[in-house]
Amino acid sequence: MDTNAPVLIGADTLEDLVTRIFSANGCDAAEAGRISHHLLGANLAGHDSHGVVRVPRYVEWQQAGYVVAGQQAEVVTDGGAFALLDGHYGFGQTVAPQATAMGIERARQHGTAVVALRNAGHIGRVGSYAEQAIEAGLISIHFVNVAGSVLVAPFGGTERRFSTAPFSIGVPTDPPVLLDFATSRVAEGKVLVASNGGKPLPQDALVEPDGRLSADPHTLYGEYPPIGPRNPANGLGAIRAFGEHKGSGLAFMCELLAGAFTGGGCSGPVDARGRIANGMLSIFISPRHFGTEAGFRQAAEDYVAWVKSCRPDTAGGEVLAPGEPEARLRAERLAKGVPLQPDTWESIVRCARGLGVTVPN
Ligand code: NAD
């Protein structure tokens, strides 16, 4: 019997358990539900790296005061079509939807809006904010960084300088086109998943201090126990930026726009308390205000169909639009359950029991 075979948990069961964990950890019911719904949404989209695997770490951060329950994003600057908000280290799943809601509201008034958010707790899967804008019929572009999290070596280097600085663009076609990725070769959470016995990393995902390429999570985390939190501060190596000099350049820009510009700070230097926070610079565009909505949608949908009609490079292969793999997995996992690595499930169970939360059989 394969003892490392994934455990299948129903989406509702998992969402309920994670909600109860955050309630027991001091979040009110609405916030606990938001965090749980967001994390589960990442698993449903197939981004297990940003799903419930994060629960023990979020719980620890809350207990250590690095992330604070019950915060509201505070408006620091309000220019109508642009605004700067401070998340005050509140849960990202609370303050980032607030910033996005403000961007949507302002773009509906002015046609476009730019909203800068700083000092947000981990905002998780950035694509969920692009989805929020898509539901409102808006295009959105999100540059994100992680202040205090230096994990990624720039093109040509072996030392950590960037965060995994994600980037997302959402386009409200039917179905929507949604690009959402870390600018690192792999998201840190994918190293976390691999360290828990999950999907192995590509051979060139990480780099050792001497420049050797590596797929071994120990390069990032150093020594770690089979079950329990991993700490990237213990490793000597780095994740590599994706896409050679071009991806590395996009990561650089995410740091400058989401970190330096918002005032939340770039990836480094690292907060002495080890606290990390996301910054996000979001641009919202309303096609209706530009007067191009009908033509734009038709042209975009025709174009997507034409791109997808491209001859595949392998027999039986298929060209997909950004967002398609996530939509397909979501339907499958809602129907069949969410697969979790046994170690991931075990660490959630331990975390729940530590808080006196009953775990379903
Ligand atoms: P990834 O490498 O899986 O890339 C995902 C993107 O590529 C999606 O847009 C997807 O639709 C597209 N895609 C995947 N396969 C495709 C195919 N065959 N054809 C066409 N398009 C395809 O993502 P990642 O870099 O591992 O990022 C995972 C998640 O981590 C993202 O949701 C990101 O927002 C999140 N993240 C968050 C933070 C943070 O600080 N909050 C940091 C890093 C990453």
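Just so we're aligned: 381 in this note's numbering is position 358 of the sequence shown, and the numbers increase by one with no gaps anywhere.
The beta-carbon is built from N, C-alpha and C at its ideal position, and this holds for glycine as well.
All values reported here derive from a predicted model rather than from experimental measurement.
Check                                                                                                                                                                   : Outcome
What residues match up with Phe-185 in a beta bridge as DSSP calls it?                                                                                                  : Val-175
Taking the beta strand (DSSP E) that Arg-263 belongs to, which residues open and close that run?                                                                        : 261-263
Looking only at DSSP bridge pairs, what is Val-214 linked to?                                                                                                           : Its beta-bridge partners do not exist; DSSP assigns none.
Going by the C-beta, is Leu-343 closer than 7 Å to any heavy atom of ligand 1?                                                                                          : yes
Taking only runs of the alpha helix (DSSP H) that begin and end inside the segment 188-246, which ones reach a length of at least 4 residues, in chain order?           : 211-218, 241-244
Would you tell me roughly how many angstroms separate the C-alpha atoms of Ala-261 and Glu-324, rounded to the nearest one?                                             : 39 Å
I'd like the ranges of any alpha helix (DSSP H) spanning at least 4 consecutive residues and lying wholly in the segment 249-290.                                       : 267-277
I need the DSSP call for Thr-100, collapsed to helix, strand or coil.                                                                                                   : strand
Consult DSSP for Phe-313 and reduce its assignment to one of helix, strand or coil.                                                                                     : helix
Less than 7 Å separating the Cβ of Ser-332 from some heavy atom of ligand 1?                                                                                            : no
Per DSSP, what are the beta-bridge partners of Phe-319 in this structure?                                                                                               : Answer is none; Phe-319 lacks a bridge partner.
If you follow the alpha helix (DSSP H) that His-60 is part of, which residue opens it and which one closes it?                                                          : 52-67
Please determine, among His-133, Ala-205, Ala-281, the residue with the shortest C-alpha to C-alpha distance to Phe-307.                                                : His-133
For Ile-250, tell me which candidate among Ala-156, Gln-364, Asp-35 has the shortest Cα-Cα distance.                                                                    : Gln-364
If you count every other CB in all the chains shown that lies within 10 Å of the CB of Gly-388, and 16 or more means buried, which is it?                               : Any answer about residue 388 is impossible in this case: the structure gives the chain only from 24 up to 384.
Just to confirm my understanding: we take Pro-252, look at its own chain, exclude 5 residues before and 5 after, and list those with CB closer than 7 Å. What are they? : Pro-79, Arg-80, Glu-83
For Asp-203, is the beta carbon positioned less than 7 Å from some heavy atom of ligand 1?                                                                              : yes
Please state whether the Cβ-Cβ distance between Ala-157 and Pro-189 is less than 8 Å.                                                                                   : Note that residue 157 is Ile in the sequence shown, not Ala. No.
Rounded to whole angstroms, what's the CA-CA distance from Pro-362 to Phe-105? Just pull it up for me.                                                                  : 41 Å
Consult DSSP for Thr-337 and reduce its assignment to one of helix, strand or coil.                                                                                     : coil
Which class does Ser-72 belong to by DSSP, given the choice of helix, strand or coil?                                                                                   : helix
Just curious, the beta strand (DSSP E) that Leu-140 is in, first and last residue?                                                                                      : 135-143
In angstroms, rounded to a whole number, what distance separates the CA positions of Leu-108 and Gly-302?                                                               : 10 Å
From Ser-207 to Ala-264, what distance separates their C-alpha atoms?                                                                                                   : 4 Å
If I measure Cβ to Cβ from Arg-412 and keep anything under 6 Å in the same chain, skipping five residues before and after, which residues do I get?                     : With the chain covering 24 to 384 only, the question about residue 412 has no answer from this structure.
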